[in-house]
Amino acid sequence: MDGVAAEPLIELDSVEKVFTVRRRAGRLRRTRHEVRAVDGLTFQVPRGEMVGYIGPNGAGKSTTIKMLTGILVPSGGRLRVAGIDPSLQRARLARRIGVVFGQRTTLWWDLPLKDSYELVRRMYRVPAAVFRANLDRCIELLDLAPLLDVPVRQLSLGQRMRGDITAALLHDPDVLYLDEPTIGLDVVSKAKVRSFLRETNAERGTTVLLTTHDLTDIEQLCHRVMVIDHGRLVFDGDLAGLRAAADGERTLVVDLAEELPPIEGVPGARTVKVEGPRQWLAFPAERSAAPLVTAIAARYPLVDLAVREPDIEALIAELYAGGGAARRDPGGADPAAPDPLRP
Amino acid sequence: MARRHDGTADGRLRTLGEGGRAYGLIAWMWVRSTLAYRTSFALMTLGNFASSALDFVALLLMFSRVHALGGFALPEVAFLYGTCSLSLGLADLAVGNAERLGARIRDGTLDTLLLRPAPVYAQIAADRFALRRLGRTSQGLLVLLWSTGRIEVDWTPGRILMVPLMVVCGAVIFGAVFTAGAAFQFWAQDAAELQNSLTYGGNALLQYPPTVFARDLIRGVTFIVPLAFVNWLPALWLLGRPYPLGLPPWTAFLGPAVAALMVAGAALAWRHGVRAYRSTGS
Ligand SMILES: Nc1ncnc2c1ncn2[C@@H]1O[C@H](COP(=O)(O)OP(=O)(O)OP(=O)(O)O)[C@@H](O)[C@H]1O
Ligand SMILES: [Mg+2]
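For the record, the sequence lines run as chains A and B. Residue numbering for the first sequence follows the working numbering, beginning at 26 and increasing consecutively. Residue numbering for the second sequence follows the working numbering, beginning at 3 and increasing consecutively.
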């Protein structure tokens, strides 16, 4: 097993998935059309890491996860999970991975939760003691006790999601894929699911690949973020690097003693908004705010101030928009990105 | 069935074992959950029995006006009816649910089956395993038993053995048609009708002696979709009747070979289907 542990748990090398779709063109004619859902994806995830996998709608996130589980056969490239080629040894891989699709349940629709779990236990041949321990842990941390006798179809979305996450972990998987696990959850449920995932990753060393449109998930859970767009990796690094890569600007909010015209003459900053005595100045994220404050305090009646970090949503939006440019011009990727974008 | 990594005989056996085990687990779970509602289960089974018995009543009504159909008397036709009904009933009970594949592809739930450590085929065949289908099976069995007491056959051990053999081979042939039809849905999700016309439609055909059908139709069910081996040919041998299309007598014993060939074909189609599967966009 040592050899396996040393190498990355998830490994993709130039992986591609091309869908051929037929479109109506005119009355009877149909044209064939290729959709490159995943287009030369290369990355690795070491054991125990928790990685955010984000991108705009249709970027290829779900398609990637489906290839990593063996649901879809890649059109090209090389792909290994725990040393296994998913599409060739799907059933063997199934014992090593857990999967949660936020959009649909993997449980048996008509069965009460606990019967579903019992079936999972027998299908995955989980030893009784391990099963008991894992189930008890989930019941406790995810408040599952009142739901065990309820058929899955009667569960609310948030309840079902907790049920699904539990089912995915009963057999102690090495890897957990989560495709939008917090979609449609309320604030409390989200917080519960997040802390549960964090704990699972920390205590069990479960490797987690997480897809989401809620960037708070990423901020709270993942050290590493991968951004894909049009099936290509446009960023791979940590959150700080992501901020830098998206040319994020921080904002200095200053309260002056009185209403004044927009502050001028502060090098490296520009005033973007004025509202009574309060003014907003934008400055590059990687610069320190201290010299700006000194410069302003020297010339203006400064009462109070605050520094705002760039809004990660806005950053991502910028990055998504810029993804196309990065692809067209391989040299144009921001050099500040820790892992420069692959062409 | 869905795995192809391990071409060795040993690997195939293991996959088969896993499939059988998963099938048993899922089917048993469905049985348990249907038995939880005993009354509804009893009614459904009765309904299933009655609806297939209606076919037979139609046959009886016909024989109240004529004495023979294509030269076959009532017990002989009943024997044909009983054997093919029983075969189809068993196949339907065991793997009939595979026809839901197309629906599962369309609504995206096939994905969840692919996540589990068991062959997809076993999972989908066992899904919603419905014991009520025993209604059709038991009705077929009753007619078969009734008719075997009345047909004029010199019951040697070999002839006695032929009856269960033809029922089992027939069930396997129908099962293969169900499977191939389901596999076809990987490419055409609305193809369930085609498969129904071969299974249920084929059954309606096989209930009658071949002598009442046109030669081309008989050719079709002998050489193209070999349903004639389900009951016609072995029954003609038992009843000492001439074979259609001038087929040689030994064709009556081809049942097992035909069944094996069809299983191989269906398995191949299924495996290709799984590889070609492309999931849905969400
Ligand atoms: N089964 C399919 N057949 C044809 N095209 C598909 C199929 N599945 C996905 N696609 C296409 O592949 C591309 C990537 O889809 P995918 O579902 O991977 O996106 P995603 O990143 O998960 O998006 P979202 O955030 O909306 O879930 C899309 O353009 C989609 O239309
Ligand atoms: Mg998706």
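Idealized CB from N, CA, C, for every residue including glycine.
Going along the chain, which residues of the segment 68-98 of chain A sit with their C-beta nearer than 9 Å to a C-beta in chain B? G83, S87, T88, K91, T94, G95, I96, L97, V98
With DSSP as the reference, please indicate the residues paired to G77 of chain A in a beta bridge. Here residue 77 of chain A corresponds to residue number 52 of the first sequence, with the count starting at 1. Answer is A:L235, A:V250.
In angstroms, rounded to a whole number, what distance separates the CA positions of I208 of chain A and P166 of chain B? If you number the first sequence from 1, residue 208 of chain A lands on position 183. If you number the second sequence from 1, residue 166 of chain B lands on position 164. I208 of chain A and P166 of chain B: Cα-Cα distance of roughly 55 Å.
Identify every residue that forms a DSSP beta bridge with G262 of chain A. The count along the first sequence starts at 1 and reaches residue 262 of chain A at position 237. Answer is A:V250.
Nearest-angstrom Cα distance between P246 of chain B and F65 of chain B? What you label residue 246 of chain B is simply residue 244 of the second sequence in a count that begins at 1. What you label residue 65 of chain B is simply residue 63 of the second sequence in a count that begins at 1. Roughly 23 Å between the two C-alpha positions.
beta-carbon D204 of chain A near ligand 2 non-hydrogen atom, thresh 7 Å: Along the first sequence, one-based indexing puts residue 204 of chain A at 179. Yes, the Cβ of D204 of chain A comes within 7 Å of a heavy atom of ligand 2.
If you measure from each residue's Cβ to the nearest non-hydrogen atom of ligand 1, which ones come out under 6 Å, in chain order? A:F44, A:V46, A:V60, A:A62, A:G80, A:N82, A:G83, A:A84, A:G85, A:K86, A:S87, A:T88, B:R280, B:S281, B:T282, B:G283
Of the listed residues A:F68, A:R49, A:V218, A:R55, nearest to M251 of chain A (C-alpha basis): Indexing the first sequence from 1 puts residue 251 of chain A at position 226. Taking only the C-alpha atoms, the option nearest M251 of chain A is A:F68.
Closer than 8 Å, CB to CB, is A178 of chain B near chain A or not? As a first step, residue 178 of chain B must be located in the second sequence, where it is residue number 176. Output row for A178 of chain B: interface = no.
Per DSSP, which residues does L399 of chain A bridge with? Please list them. Within the shown structure, residues of chain A are numbered from 26 to 368, placing residue 399 of chain A beyond reach of any answer.
Output yes if chain A places a C-beta closer than 8 Å to the C-beta of M46 of chain B; else output no. For the purposes of this step, residue 46 of chain B is taken as the residue at position 44 of the second sequence. Cβ-Cβ to chain A under 8 Å: no for M46 of chain B.
According to DSSP, E343 of chain A sits in a beta bridge with which residue or residues? In the first sequence, the residue the question calls residue 343 of chain A occupies position 318. The partner list for E343 of chain A (beta bridge, DSSP) is empty, contrary to what the question assumes.
CA-CA distance, I175 of chain B and A50 of chain A? Here residue 175 of chain B refers to the residue found at position 173 when the second sequence is read from its first residue. Here residue 50 of chain A refers to the residue found at position 25 when the first sequence is read from its first residue. If I take the Cα positions, the gap works out to 42 Å.
Identify the continuous beta strand (DSSP E) that holds P236 of chain B and give its terminal residues. As a position in the second sequence, residue 236 of chain B is number 234, starting the count at 1. Looking at the DSSP string, P236 of chain B is not in any beta strand (DSSP E); the run it does join, the alpha helix (DSSP H), is 234-241.
Spatial neighbours of T88 of chain A within its chain, please: C-beta separation below 6 Å, excluding the five flanking residues on both sides. Your numbering for residue 88 of chain A matches position 63 in the first sequence. Cβ neighbours of T88 of chain A beyond the five flanking positions: K42, A62, V63.
Go ahead and pull the three-state DSSP assignment for V124 of chain A. The count along the first sequence starts at 1 and reaches residue 124 of chain A at position 99. Reduced to three states, the DSSP call for V124 of chain A is strand.
Which residue from A:R303, A:D168, A:R185, A:P99 puts its Cα closest to that of D278 of chain A? Position 253 of the first sequence, counting from 1, holds the residue named residue 278 of chain A. One point to set straight first is that residue 278 of chain A is Val, not Asp, in the sequence displayed. Measuring from the Cα of V278 of chain A, the nearest candidate turns out to be A:R303.
Please determine if the segment 185-204 of chain B and the segment 114-122 of chain B are in contact, where contact requires at least 3 C-beta pairs separated by less than 8 Å. These segments do not touch.
G183 of chain A vs G73 of chain A beta-carbon contact at 8 Å: As a first step, residue 183 of chain A is located in the first sequence; it is residue number 158 there, counting from the start. As a first step, residue 73 of chain A is located in the first sequence; it is residue number 48 there, counting from the start. Taking 8 Å as the Cβ cut-off, G183 of chain A and G73 of chain A do not qualify as a contacting pair.
Identify whether A268 of chain B lies in helix, strand or coil by the three-state DSSP scheme. Residue numbering aside, residue 268 of chain B sits at position 266 when the second sequence is read from its first letter. A268 of chain B: helix per DSSP, three-state reduction.
Let's see if you can read the secondary structure: which residues bound the alpha helix (DSSP H) around V213 of chain A? Translated into positions along the first sequence, residue 213 of chain A becomes position 188. From DSSP, the alpha helix (DSSP H) with V213 of chain A extends over 212-229.
Buried or exposed for E284 of chain A, please, with buried defined as at least 16 other CB atoms from any protein chain shown within 10 angstroms of its CB. Numbered from 1 along the first sequence, position 259 holds the residue referred to as residue 284 of chain A. Exposed is the call here.
Determine the DSSP secondary structure at W189 of chain B, reduced to helix, strand or coil. What you label residue 189 of chain B is simply residue 187 of the second sequence in a count that begins at 1. If DSSP states are grouped into helix, strand and coil, W189 of chain B belongs with coil.
Any C-beta of chain A sitting closer than 8 Å to the C-beta of G110 of chain B? Indexing the second sequence from 1 puts residue 110 of chain B at position 108. With 8 Å as the cut-off, G110 of chain B counts as an interface residue toward chain A.
Between the CA atoms of Y279 of chain B and R6 of chain B - distance to the nearest angstrom: By 1-based counting over the second sequence, the position of residue 6 of chain B is 4. By 1-based counting over the second sequence, the position of residue 279 of chain B is 277. Unreliable positioning characterises R6 of chain B in this predicted model, as indicated by a pLDDT of 46, which lies under 50. A coordinate reading is not provided.
What does the alpha-carbon distance come out to for the pair H274 of chain B and L200 of chain B? Within the second sequence, the letter at position 272 stands for residue 274 of chain B. Within the second sequence, the letter at position 198 stands for residue 200 of chain B. In a straight line, the C-alpha of H274 of chain B is about 21 Å away from that of L200 of chain B.
Beta carbon proximity, R135 of chain B to chain A, threshold 8 Å: Counted from its first residue, the second sequence places residue 135 of chain B at position 133. Not closer than 8 Å to any Cβ of chain A, the Cβ of R135 of chain B fails to qualify, so no.
Using the beta-carbon count (16 or more within 10 Å), is Q209 of chain B buried or exposed? One-based indexing of the second sequence puts residue 209 of chain B at position 207. Looking at its Cβ environment, which holds 16 or more other Cβ atoms inside 10 Å, Q209 of chain B is buried.
Tell me which residues share the same chain as G407 of chain A and place their Cβ nearer than 6 Å to its Cβ, disregarding the 5 neighbours each side in the sequence. With chain A covering only 26 through 368, there is no way to say anything about residue 407 of chain A.
Neighbouring residues, chain B, relative to F156 of chain A (Cβ below 8 Å): Locating residue 156 of chain A in the first sequence gives position 131, where the first residue counts as 1. Within chain B, no residue comes near F156 of chain A; the closest Cβ sits about 15 Å away, beyond 8 Å.
Hey, how far is the Cα of G85 of chain A from the Cα of I164 of chain A? Here residue 85 of chain A refers to the residue found at position 60 when the first sequence is read from its first residue. Here residue 164 of chain A refers to the residue found at position 139 when the first sequence is read from its first residue. Cα-Cα distance, rounded: 33 Å.
Secondary structure at F176 of chain B, three-state DSSP: helix, strand or coil? Mapped onto the second sequence, residue 176 of chain B falls at position 174. In this structure, F176 of chain B counts as helix in the three-state DSSP scheme.
With 16 as the cutoff for other CB atoms within 10 Å, does Y25 of chain B come out buried or exposed? Locating residue 25 of chain B in the second sequence gives position 23, counting from the first residue. Burial call: buried.
Any Cβ of chain B within less than 8 Å of the Cβ of T131 of chain A? Working through the first sequence from its first residue, we reach residue 131 of chain A at position 106. Closer than 8 Å to some Cβ of chain B, the Cβ of T131 of chain A qualifies, so yes.
By the DSSP assignment, the beta strand (DSSP E) with L330 of chain A in it spans what residues? For the purposes of this step, residue 330 of chain A is taken as residue 305 along the first sequence, with counting starting at 1. Run containing L330 of chain A: 327-333, per the beta strand (DSSP E) assignment.
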